[in-house]
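The sequence shown maps to residues 1258 to 1532 in the numbering used here.
No residue lacks a Cβ here, since even glycine has one placed at the ideal position from N, Cα and C.
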Amino acid sequence: MNMYNPDLNLDRLVLSFEPVTLAQLSAKAGMLSRIDNKYVVRRDSLHRAIPDLGRYFDVLDIDHKRAFTYDTRYFDDAQRSAYYEHHQGLRKGFKVRIRRYVDAGLCFLEVKVKGKRGMTVKHRKEQDAHSIETLSDDAYHFARSTYTGHYGKPFEYDLKRVLDIRYRRITLVAKDGGERMTIDTDLQFWAAEKFFSAGTDVFIVETKSRLGRGYADKCLRQVNARPTKRCSKYCVGMAVMGEVSRYNRFLPTMKKLGLVGDSGVFADRIIQIAA
1258 MNMYNPDLNL DRLVLSFEPV TLAQLSAKAG MLSRIDNKYV VRRDSLHRAI PDLGRYFDVL
1318 DIDHKRAFTY DTRYFDDAQR SAYYEHHQGL RKGFKVRIRR YVDAGLCFLE VKVKGKRGMT
1378 VKHRKEQDAH SIETLSDDAY HFARSTYTGH YGKPFEYDLK RVLDIRYRRI TLVAKDGGER
1438 MTIDTDLQFW AAEKFFSAGT DVFIVETKSR LGRGYADKCL RQVNARPTKR CSKYCVGMAV
1498 MGEVSRYNRF LPTMKKLGLV GDSGVFADRI IQIAA
């Protein structure tokens, strides 16, 4: 079982890396269209990979801070269509979310769709951080036009807020550009007046490159980390919080994250929040 470690200093983890600004990172590797590989990595394995990564990657640094808080609100319909389309592995799935980059003071509406060869295509627009309880008419129009324009079929989903996720992230960018890597930990989920914390002993690491075979992937293989299929924070969160009835495809990921044991989801670790 993962335990929360309040003394974990993520900034210190990448202290030896050269810094880049947000503008420099975007110029080097915006990566809105890319092939993603996700890994679930224990803390000791990540520490072993850090020296090699530091030779080829710089780290996002904002005001001398390198680990940042991300708040993400996901939207789905009553039938949980976005979730179940992902669970079934449909090629025309989607995700609609509002993400707040807390430390940077930025907020975006993001719509993710699937491109050719499994490539993730993300469309986004700036959003008012104070108006995210529901999707505005303008936000819904953006999601609908993005989906319809990409897939050529109508968008018939009545989207409502279903899940909030908070985590801390380190972002690396290849010194020569064209490749990014994110390191996430301290996942926290909120749904239907319930709260769950996954702890800080395990990390979700995501590599983003044009072909899906970047240097970050090589570094992770050298510490015996292998890509984890179906490693969606949204889908895992929906399963853990009891928002869906079927989640067998995500059980391997949930076990790696320490969110489920032999007897099932650790429901006793879910905290009921007073309404």
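- Within the same chain, Cβ atoms closer than 7 Å to the Cβ of R1526 are found at F1453, the five residues on either side in sequence being excluded.
- For K1349, same chain residues with a beta-carbon under 6 Å away, outside a window of 5 residues either side, are Y1408 in chain order.
- Residue range 1436-1448 is occupied by the beta strand (DSSP E) that includes Q1445.
- Boundaries of the alpha helix (DSSP H) harbouring K1285: 1279-1285, taken from the DSSP string.
- Annotation: L1310 to R1478 spans about 12 Å, alpha carbon to alpha carbon.
- Under DSSP, H1380 takes part in a beta bridge, and its partners are V1368.
- Secondary structure note for K1490: its alpha helix (DSSP H) is the uninterrupted segment 1490-1497.
- By the C-beta density criterion, T1405 is exposed, having fewer than 16 other C-beta atoms within 10 angstroms.
- Under a 10 Å Cβ-count criterion, Q1529 is classified as exposed, with fewer than 16 other Cβ atoms of the shown protein chains found around its own Cβ.
- Nearest to E1463 by alpha-carbon distance, out of A1482, A1284, T1457, is A1482.
- The DSSP-derived three-state label of N1505 is helix.
- Take V1359, set aside five residues on each side of it, and the residues of its chain with a beta-carbon closer than 8 Å to its own are F1325, T1326, Y1327, D1328, in chain order.
- R1330 places its beta carbon less than 8 Å from that of I1355.
- A residue is called buried when at least 16 other Cβ atoms come within 10 angstroms of its Cβ; A1400 meets this threshold and is buried.
- Closest option to S1338, judged by alpha-carbon separation, among V1501, K1285, H1304: V1501.
- In this structure, I1427 sits away from L1272, with a CB-CB distance that is not shorter than 8 Å.
- In the three-state reduction of the DSSP assignment, L1429 falls in the strand class, which pools E and B.
- The beta carbon of V1298 is closer than 6 Å to those of F1460, V1462, A1482 in its chain, skipping five residues each way along the sequence.
- DSSP places R1305 in the uninterrupted alpha helix (DSSP H) bounded by 1300-1313.
- In terms of Cα proximity to L1444, the closest of K1490, A1396, K1379 is K1490.
- Of the candidates E1390, D1320, T1377, P1411, the residue whose Cα lies closest to the Cα of H1398 is P1411.
- For L1317, DSSP records a beta bridge to V1277.
- Residue state for R1356 is assigned as strand, using DSSP reduced to three classes.
- Taking D1318 as reference, the option from E1275, V1480, Q1336, V1368 with the minimal CA-CA separation is E1275.
- Looking at the DSSP output, N1294 bridges to T1464.
- When secondary structure is reduced to three states using DSSP, S1393 falls in the coil class, being assigned neither helix nor strand.
- The secondary-structure analysis by DSSP pairs S1338 with nothing; it has no beta-bridge partner.
- Around the C-beta of G1362, fewer than 16 other C-beta atoms lie within 10 Å, and the residue is accordingly described as exposed.
- Counting along the chain, the unbroken alpha helix (DSSP H) around K1475 starts and ends at 1472-1479.
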